[in-house]
Structures are given as C-alpha cells and as structure tokens.
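Numbers 1 to 225, taken from full-length UniProt numbering, label the letters of the sequence shown in order. Note that the Cβ used here is the ideal one computed from N, Cα and C, for glycine as well. Encoded as structure tokens, the structure appears first; notes follow it.
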Amino acid sequence: MAPKQISSSAAKAHDFIDFLNTSPTQTELFPIAGLIAAELNRTGATEKKDDKEDESEKPFKPLQELSDRHHPYVVELIAQEAGVEVEDVVDFEIILYDTQDACIGGINNELIFGGRLDNLGMTYCAVEGLIGSVSDPSALDDESSIRLITCFDHEEIGSTSAQAYEQSLATSFLMSADMAHSVNPNYLGKYESDHRPEMNKGTVIKINANQRYATNSPGIVLVEE
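Take a look at the structure:
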C-alpha cells in the first residue's frame, strides 16, 4: 500500500501526538505486576511461612506492615532497584504511567488514541493559539490587553492540590479550556436529550451543579457571543 499523504490538519494531529508522547504521567495503567492467581497471593521472598504469630497477640500498630499494604513483588522490585534489602524499605512513593505511544486511529484516521488527553489537548491548543496570535509582526501594534495562558498540573477550578487552581482573579475573564466527554452511543439513556455532546461537532460549554466548574451565566453569554 502506498504511503498516505497527510494533510495540514493531520500534520497538526501528529504534532499533538508527539507532544503527548513526550509529556509525563497518567493514572490508567495496564497490568504489570502479574496474573492475579500467581502474583496477588504471592509471598514475599523474605517472609517466613512459619512465622505466623496470632494477630491478637501482636502489639497495636497504626499502619499495617509494608508487605500488607503493598504488593510484595513491587516492594521487592523497588528494593532491588534501590540496592537495599526488602526489610530496609520503610515506605515509598511511586508513580506509574502507560508507556504506549499515542497514535491516530479510526477507519478514517479521525481519532487520536493516547493517554493524558485531558488536559494536554487544550494545553497544546492554547500554546499553539497563543503563538499563532502573534505570528503577524503587527499583531500587537494596537493591542491594549495582555495575551496569556496559564497551565496547571491540576487545572480544574475546584482542584485543591499545591499545584492546582483553586483561586479567582478579579476583573478578569478566565477561559478554563478542558476536555469534554462525548455521548456514548451504548448508553444514550444516561444522558439528557439536550446534553449529548457529539465528537467533532464543536465547542462544549460544561456546567456543573456542584460548582466544580467556573461556568456561570455571564460566562456562557460571553462564550456564545
């Protein structure tokens, strides 16, 4: 089959995929510790089978043993990589992520499959849009405002982590550009009739009754105009 020519829009999609593949972490993982029968019931290499003391006779501890709180195989692997014995591992913080590269798919190559789409998708679009807005040398000649974007590890208005965005800026309109879930054709009954976003049909305005989004009536009108 001859190579398929990529249009300018598809080239942009490939740029976005490259961006996804060089960006950090996500939380949806493929199984890596092993099969459930062989690994989840696995005994740690240093655990003695004949050392099973009656639980009622053990002194109270606020936390379970490390081997009880974490998969023994994972603890052994961490100890091996750290060059220490398993019993020397007091605790650890580990972040795992999917290593599968993002790619274009679908019958007509109209879809992007990849991790971290939320919210690297809008991060990519925002950066590209900001760069594109000043591509003309005279773009800022009569500009009275400041063009900027802000990108956070946890971008939701209601996010409360140290790197998040739980704050408001007075006298400013802030556009929180996020990813929206499209309607799932297998579960149409789960959606309100007028609340069914369709893929590639345009911008979605997201509203949350619990105020987890910043959307309000003035903001909706501003976006629609």
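- I220 and T150 have their alpha carbons spaced roughly 20 Å apart.
- DSSP lists no bridge partner for G83.
- Between the stretch 64-78 and the stretch 87-94 there are three or more C-beta pairs closer than 8 Å, enough to call the two in contact.
- Cβ-Cβ distances below 7 Å link M122 to A177, D178, M179 in the same chain, with the five nearest sequence neighbours on each side left out; the list follows chain order.
- Cβ-Cβ distances below 7 Å link S133 to A139, R147 in the same chain, with the five nearest sequence neighbours on each side left out; the list follows chain order.
- Contact check for F19 and L120: beta-carbon distance about 7 Å, within the 8 Å limit, so the pair qualifies.
- DSSP places I131 in the uninterrupted alpha helix (DSSP H) bounded by 117-133.
- Per the coordinates, the alpha-carbon of E128 lies some 32 Å from the alpha-carbon of P185.
- Beta-bridge partners assigned by DSSP to I17: none are found.
- Counting other Cβ atoms within 10 Å of its Cβ, F16 reaches 16 or more and is therefore classed as buried.
- In the DSSP secondary-structure assignment, I205 is not bridged to any residue.
- N200 and L111 have their C-alpha atoms roughly 10 Å apart.
- For F92, the closest of D98, I78, Q100, T99 by C-alpha to C-alpha distance is I78.
- The three-state reading of DSSP puts I146 in coil, since its state is none of H, G, I, E or B.
- Selection H181, K190, I107 evaluated against I207 yields H181 as nearest (Cα-Cα).
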